[in-house]
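Sequential numbering of the sequence shown, starting at 0, is according to numbering that gives the first Met the number 0. Built from N, CA and C at the ideal position, the CB exists for glycine as well. Heads up: the structure comes next, in structure tokens.
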Amino acid sequence: MTVVTEDDPLGGFPIDGIPEGAAAVDQIDGAAARRIARIAAGLLQAPAACVSRIARGRTRILGGHLQMEGLDPSLVVKANRRVAIALARSRSASALVLDLGAAGSLLAASARGEHAWPLAIVSVYDPTGSDFTAEQKSRIEDAAALLSSEIRLHETRSLARRREARKALIVREMEHRLKNSLSTVQALVSLSLRGEGTISAMRDRLIERIGAMSKTQSLLLSDALESADLADIIASEAAHYVGAERFVWSGPAVRAGAADAAAVGMVLHELSTNAAKHGALAPGREGRVEIGWTVYAGPPTGRRVSLEWRESTGPSKIAAPVSSGFGTTLLDMLVSGQLHGTIERDWAPGGLIVRTDFALADASPSAD
């Protein structure tokens, strides 16, 4: 008995329309492939049988069974490649016969995974070139079904491993985010206690700011625990103000990771709160807020955002505050400390203009 495990000596053949080979096929070991080839040869009483993989437009022998003296293994390998190409192109579940002329004939059927693509084949060789019967074709299809079951078993195991890895990643992310959130809340409490006003007023401001942080966390949770788009963070904050025309924004798509998104969300909340109390969005004013941003390459993360917050207060002029309050301190802490950025305020006659420049760690939408 000779076992065939060599690569196709012709170097494979590119086949249009065949997807990337399923990883499950590569997990089938040589012993399993030889066992299925031996079963196929026994079912059809054939002198040779092969199990082959179809991946990336190429074919490769995974294992084989030969019990015919003097048979050149390369003949089976070459014939097997030809029938694999024909089966893959036809995407047929039926057995296929390849006439090799004086060299005999080959009978093959394809094995499929979860998505019904032909991923592997089982083939048997007959040196006499006699026609294969309907019963023989049915038997080779049975052998291919056995190989399909093997492939789907590995697919199921692979899917389970990916789900476990994803679950572990989510747990680690939640642990990391909880620690960050607790640190932020601790800083908010510490700064609030140093602010001016009554205990009741400080309590109300603290609850409001923690609520803003919670709102951004909810946005992140709805986006698979990984990142949020800057425009979505702005839209979430703007939704609290009546009149969509009072909040306008524009800029390129840019995503912020969990920690950065929380910081940016709190910056926007502080600016919105100030505008609602003293600026363009205050009661009795018909002002508006325009937000624009650009993205460029820069240290320390490779991505930086230049964002401008511009309030239009109409004929009302807003004077600069005499002293810096808690909101100003919090903004400076978030932008310079957490986002590695700078912030400038311009109390222009037409309304407050705030220019910030900050870094964002690389982030992308979630994908399974």
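Just to confirm before moving on: does the CB-CB distance between Ala30 and Ala40 stay below 8 Å?
Taking the sequence shown and counting its residues from 1, one reaches residue 30 at position 31. Taking the sequence shown and counting its residues from 1, one reaches residue 40 at position 41. No, these two residues do not count as a Cβ contact at 8 Å.
Does Gly326 come out as helix, strand or coil in the three-state DSSP assignment?
Here residue 326 refers to the residue found at position 327 of the sequence shown. Helix at Gly326.
CB of Ile38 within 8 Å of CB of Ala142, strictly:
Along the sequence shown, read from residue 1 onward, the residue named residue 38 stands at position 39. Along the sequence shown, read from residue 1 onward, the residue named residue 142 stands at position 143. A contact, by the Cβ cut-off of 8 Å.
Could you tell me which uninterrupted beta strand (DSSP E) segments, each at least 3 residues in length, are contained entirely in the region 110-148, listed from first to last along the chain?
117-125
Measure the alpha-carbon distance for Arg59 versus Ser137 and round it to whole angstroms.
In the sequence shown, the residue the question calls residue 59 occupies position 60. In the sequence shown, the residue the question calls residue 137 occupies position 138. So the alpha carbons of these two residues sit roughly 24 Å apart.
From the DSSP secondary-structure annotation, give me the bridge partner or partners of Val288.
Taking the sequence shown and counting its residues from 1, one reaches residue 288 at position 289. Looking at the DSSP assignment, Val288 forms a beta bridge with Phe246, Glu310.
Counting along the chain, where does the alpha helix (DSSP H) carrying Val263 start and finish?
Working through the sequence shown from its first residue, we reach residue 263 at position 264. It spans 257-276 - the alpha helix (DSSP H) in which Val263 sits, taken as one unbroken run.
Proximity winner among Val121, Gly100, Ser122, relative to Gly128 (alpha-carbon distances)
As a working mapping, residue 128 is identified with position 129 in the sequence shown. With distances taken between Cα atoms, Gly128 lies closest to Gly100.
How far does the beta strand (DSSP E) with Ile342 in it reach, from first residue to last?
Residue mapping note: residue 342 aligns to position 343 of the sequence shown, counting from 1. Per DSSP, Ile342 belongs to the beta strand (DSSP E) from 341-347.
Do you know offhand how far Thr197's Cα is from Val188's?
For the purposes of this step, residue 197 is taken as residue 198 along the sequence shown, with counting starting at 1. For the purposes of this step, residue 188 is taken as residue 189 along the sequence shown, with counting starting at 1. For Thr197 and Val188, the distance between alpha carbons rounds to 14 Å.
With DSSP as the reference, label Thr355 as helix, strand or coil.
For the purposes of this step, residue 355 is taken as residue 356 along the sequence shown, with counting starting at 1. In this structure, Thr355 counts as strand in the three-state DSSP scheme.
What's the call for Trp346, buried or exposed, on a 16-neighbour Cβ count within 10 Å?
By 1-based counting over the sequence shown, the position of residue 346 is 347. Label assigned to Trp346: exposed.
Could you check if Val121 belongs to the surroundings of the ligand GTP, using beta carbon to heavy atom distance under 7 Å?
No copy of the ligand GTP appears in this structure; indeed no ligand is present at all.
Go ahead and pull the three-state DSSP assignment for Leu95.
Counting from one through the sequence shown, the residue named residue 95 turns up at place 96. Three-state result, Leu95: strand.
Please confirm whether Gly324 and Glu307 have their CB atoms less than 8 Å apart.
Here the question's residue 324 lines up with position 325 in the sequence shown. Here the question's residue 307 lines up with position 308 in the sequence shown. Result no, Cβ atoms of Gly324 and Glu307 do not sit closer than 8 Å.
Secondary structure of Val82, DSSP reduced to three states
Numbered from 1 along the sequence shown, position 83 holds the residue referred to as residue 82. Val82 falls in the helix class under three-state DSSP.
Using DSSP bridges, identify the partner residues of Leu106.
In the sequence shown, the residue the question calls residue 106 occupies position 107. Val96, Val123.
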